[in-house]
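Asks: Quick note: the sequence shown uses this note's numbering, first residue 1, plus one each step.
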Amino acid sequence: MKFKIHRCNCRKLWSIQTRKTKFTAISVLVDGRWGTELKPQRKYNPKGFVTTNAKQDIIVNPTVEEVGKFEKVAKLIYDKKNVNFNVHQGESLFFAEDGTCYLLKRL
Numbered sequence: 001m002k003f004k005i006h007r008c009n010c011r012k013l014w015s016i017q018t019r020k021t022k023f024t025a026i027s028v029l030v031d032g033r034w035g036t037e038l039k040p041q042r043k044y045n046p047k048g049f050v051t052t053n054a055k056q057d058i059i060v061n062p063t064v065e066e067v068g069k070f071e072k073v074a075k076l077i078y079d080k081k082n083v084n085f086n087v088h089q090g091e092s093l094f095f096a097e098d099g100t101c102y103l104l105k106r107l
């Protein structure tokens, strides 16, 4: 089942949704393969999502120890105006409480 993750800036939370469910989190760790999905034809935001296909890859509100197993390599940046991401797929991501998304490498 595909999980879509995006930032809900009005509530300052990350939203994780499938076709059937939706929940929010302060921070999210994706420990597995992920990709991006763009829908520029949508009338309303969000038009860009990070997706993953396995629920076991998603860790909601991870502990400092769980995040500490990774090194922050770079930021995943979403260009809202041009509806584009700077990176389109990878292995691990951390969606931080402050709204920043980091590309990770396991230590």
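Even glycine gets a Cβ: it sits at the ideal position worked out from N, Cα and C.
Tell me which residues share the same chain as residue 100 and place their Cβ nearer than 8 Å to its Cβ, disregarding the 5 neighbours each side in the sequence.
Replies: Locating residue 100 in the sequence shown gives position 100, where the first residue counts as 1. Around residue 100: 75.
Asks: Using 8 Å for Cβ pairs, my map puts residue 3 next to residue 58. What's the rounded Cβ distance?
Replies: Stepping through the sequence shown from its first residue, residue 3 is reached at position 3. Stepping through the sequence shown from its first residue, residue 58 is reached at position 58. At roughly 6 Å, the Cβ-Cβ gap stays under 8 Å, so residue 3 and residue 58 are in contact.
Asks: Output needed for residue 61: all residues of its chain with C-beta closer than 7 Å, excluding positions within five of it in sequence on either side, in chain order.
Replies: Residue 61 sits at position 61 when you count from the first residue of the sequence shown. Counting only Cβ-Cβ distances below 7 Å, and skipping sequence neighbours, we find 25, 26, 27.
Asks: Is the distance from the Cβ of residue 30 to the Cβ of residue 52 below 7 Å?
Replies: Position 30 of the sequence shown, counting from 1, holds the residue named residue 30. Position 52 of the sequence shown, counting from 1, holds the residue named residue 52. Yes.
Asks: I want to see whether chain D comes within less than 7 Å of residue 14, judged by CB atoms only; does it?
Replies: Annotation note: the requested chain D is absent from the structure, which comprises a single protein chain.
Asks: Taking 6 Å as the limit between beta carbons, can you name the residues of its chain near residue 1, skipping five residues before and five after?
Replies: As a working mapping, residue 1 is identified with position 1 in the sequence shown. 18, listed in sequence order.
Asks: Mark residue 50 as exposed unless 16 or more other C-beta atoms lie within 10 angstroms of its C-beta, in which case mark it buried.
Replies: On the sequence shown, residue 50 is found 50 positions in, with the first residue counted as 1. Answer is buried; the Cβ neighbour count reaches 16.
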